Every structure is written in C-alpha cells, then in structure tokens.
Amino acid sequence: MIKLTAGVITNKRLPANTNFDRHPDECPFCHKGVQPFLFGGFLHNNLCKLWLFYACPRADCERHFIGEYSQAIASDGVIYHFEKTLLGNYGKMDFSEDINKLSPDFSRIYNQARQVRISRTD
Ligand SMILES: [Zn+2]
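Residues in the sequence shown are numbered from 902 upward in steps of one, following the working numbering.
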C-alpha cells in the first residue's frame, strides 16, 4: 500500500493519507516498464475515482499520463486500486459549413488523422 504525500496533492478533497495499491508499471506511450514520476492527483467529487498524474522517467519519452484508480473498502479503510492508464481525449476540430458542404468526409478524416498524429509514440 502506498500513501500520498502532501507534495502531490492538487485539490482539497485529496487528503494526504489517501491510500492506493500501486503505481502504473508501464508507460502507455513508449510501452516500456517504468517507475513513473508522480506529480499530482485529483479525487472525484463522489470519491469513487482517483486520478494520479505521472510522467515517464525515460529520457527518450518523458510523456505525461494519468493513472485511474477505483475506490474499494478494505478492512483497514479505503484504498484505491489501480485500473488503467489514460491519455486523455483529443478535442475535435470543427470546420465551416462551406468546407463541410465541399467535402462531407473532410472533417471526419481530418479528426481521425489528427488523433493518430497526436497519439503516436514515434
Ligand atoms: Zn514512456
């Protein structure tokens, strides 16, 4: 079990004694085994989810990601169990009606290509 330290608390709802089971052990970008840097955290309003903010320690990566944890009640209190890493989602670009009339598929294809470009690891 790991306890959060005061240095990583980013909101008032996340107490310093928040317990979680482990850190992610693989970077979702470079897919290498890592011991990521923890630099922040956020607890959902209803306390059911904990999100911890990480950075990959590898010099050839250094990308940021989120660890998502779910609340569980243990015999010695509340603990958050690691579920998965998140990369966030990418906002969709909107185009003018003129462009959409000229090419009805352009917006869809552009946004698919944009998401692939943003999420590429190399
Ligand atoms: Zn990495």
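Heads up, the beta-carbon is just placed ideally off N, CA and C, and yes, glycines get one too. Since this is a predicted model, take the numbers as computed values, not measurements.
- Buried or exposed: which applies to Ile980, given that a residue is buried once 16 or more other Cβ atoms fall within 10 Å of its Cβ? buried
- Quick one: is the Cβ of Phe938 within less than 6 Å of any heavy atom of ligand 1? no
- Message: Measuring CB atoms only, is the region 993 to 1001 touching the region 963 to 983, in the sense that at least three cross pairs come out at less than 8 Å?
- Response: no
- Count the other C-beta atoms from every protein chain shown that fall within 10 angstroms of the C-beta of Gly942, then say buried if there are 16 or more, exposed otherwise. buried
- What are the start and end residues of each continuous beta strand (DSSP E) run of 3 or more residues lying completely inside the region 962 to 994, in chain order? 965 to 975 and 978 to 987
- C-alpha distance - Glu969 paired with Ala960, whole-angstrom precision: 24 Å
- Got a sec, what are the start and stop residues for the beta strand (DSSP E) Leu951 sits in? Lys950 to Ala956
- Task: Can you say whether Ile1010 is buried or exposed, counting buried as having 16 or more other CB atoms within 10 angstroms of its CB?
- Result: exposed
- Per-residue burial, Leu939 [other beta carbons within 10 Å of its own, 16 or more giving buried]: buried
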